[in-house]
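Quick mapping for you: the protein sequence lines, in order, are chains A and B. Numbered as in our numbering, the first sequence ends at 151 without a single skipped number. Numbered as in our numbering, the second sequence ends at 124 without a single skipped number. Cβ atoms here follow ideal geometry from the backbone N, Cα and C, with glycine treated the same way.
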Amino acid sequence: NAGVTQTPKFQVLKTGQSMTLQCAQDMNHEYMSWYRQDPGMGLRLIHYSVGAGITDQGEVPNGYNVSRSTTEDFPLRLLSAAPSQTSVYFCASGTVLAGEQYFGPGTRLTVT
Amino acid sequence: AQSVAQPEDQVNVAEGNPLTVKCTYSVSGNPYLFWYVQYPNRGLQFLLKYITGDNLVKGSYGFEAEFNKSQTSFHLKKPSALVSDSALYFCAVRDGAGGSYIPTFGRGTSLIVHP
Chain A
40 NAGVTQTPKF QVLKTGQSMT LQCAQDMNHE YMSWYRQDPG MGLRLIHYSV GAGITDQGEV
100 PNGYNVSRST TEDFPLRLLS AAPSQTSVYF CASGTVLAGE QYFGPGTRLT VT
Chain B
10 AQSVAQPEDQ VNVAEGNPLT VKCTYSVSGN PYLFWYVQYP NRGLQFLLKY ITGDNLVKGS
70 YGFEAEFNKS QTSFHLKKPS ALVSDSALYF CAVRDGAGGS YIPTFGRGTS LIVHP
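Rendered as structure tokens:
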């Protein structure tokens, strides 16, 4: 099992550009989520999904979109990048029954 | 509402000594409690969890945690620290009542083990 994979590992964007962060898991987990990690702020939930076709907003959803067309994939779209979105982004997956999540290696995004 | 607190930003311990990383929580129903570890430039790794059963939970890398319902705590412990245990540790809680499945994470505690 590859677990949770994320691409790219690093990305630099200019203000106003858009991009998609990719996330895939091969564990057949129904629950997937996106977090951002900033110094001193811990992990903040952006969006989550409990199955294909079902998504919902987390704590900090503004400026981000998600979709879940398959169980495996959960891409995160930045619509118009802003310097405030400079962060490390983590995707995670798990089962609702078990509760624990498995995290990808992260994407370090810089917006200039 | 659910919340979790990690009262120490940093914990320092000498190699070979026991370590404790503290976590307290608040939930309406029965808690699902988790510990994760994050090494530099890596994603979080699941260490252990408590959902029900024995209050002392054993996990990966020799770590264990004790669930204390009266003190609403779930402290992470290890009998003998290693330098390689130096990392960022996160506690998380999920409310087991009402069908909630979204965990709340603490802000993290940096563990530094000195040789």
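{"Asked": "Under 7 Å from the C-beta of I60(B): neighbouring residues of chain A", "Found": "G138"}
{"Asked": "Where the beta strand (DSSP E) through T94(A) begins and ends", "Found": "93–96"}
{"Asked": "Bounding residues of the beta strand (DSSP E) (the contiguous stretch that carries M58(A))", "Found": "58–64"}
{"Asked": "Simplified DSSP state of I112(B), which is helix, strand or coil", "Found": "The residue asked about is misnamed: residue 112(B) is Pro in this sequence, not Ile. Note: P112(B) maps to coil in three-state DSSP."}
{"Asked": "Inter-residue Cα distance where the pair is G117(B) and V89(A)", "Found": "26 Å"}
{"Asked": "M71(A) burial status per 10 Å Cβ neighbour count (16 or more: buried)", "Found": "buried"}
{"Asked": "Short CB-CB distance (under 7 Å) between F113(A) and chain B", "Found": "no"}
{"Asked": "Where F65(A) falls, given that 16 or more other Cβ within 10 Å makes a residue buried", "Found": "In the sequence on display, residue 65(A) carries Asp and not Phe. D65(A) is exposed by the Cβ-count criterion."}
{"Asked": "Residues that G143(A) contacts on chain B, provided the C-beta gap is smaller than 7 Å", "Found": "G52"}
{"Asked": "Neighbouring residues, chain B, relative to Y70(A) (Cβ below 7 Å)", "Found": "Y110"}
{"Asked": "Distance between beta carbons of D95(A) and Y103(A), contact taken as under 8 Å", "Found": "So it is not a contact: roughly 12 Å between Cβ atoms."}
{"Asked": "Segment contact flag, the region 22–38 of chain B with the region 48–55 of chain B, C-beta cutoff 8 Å, min 3 pairs", "Found": "no"}
{"Asked": "Alpha carbon of L85(B) to alpha carbon of Q140(A), nearest angstrom", "Found": "18 Å"}
{"Asked": "Straight-line Cα distance separating S82(B) from S12(B)", "Found": "12 Å"}
{"Asked": "CB-CB length for V66(B) against L57(B), believed under 8 Å", "Found": "5 Å"}
{"Asked": "Between the CA atoms of A131(A) and P112(B) - distance to the nearest angstrom", "Found": "12 Å"}
{"Asked": "Residue burial classification, G55(A) (beta-carbon count within 10 angstroms, cutoff 16)", "Found": "exposed"}
{"Asked": "Any chain C beta carbon closer than 7 Å to G42(A)", "Found": "Here the protein chains are A and B, and chain C is not one of them."}
{"Asked": "First and last residue of the uninterrupted beta strand (DSSP E) at P40(B)", "Found": "40–47"}
{"Asked": "Separation of K53(A) from S89(B), as counted between CA atoms", "Found": "47 Å"}
{"Asked": "Those residues which DSSP pairs with Q140(A) across a bridge", "Found": "G133(A)"}
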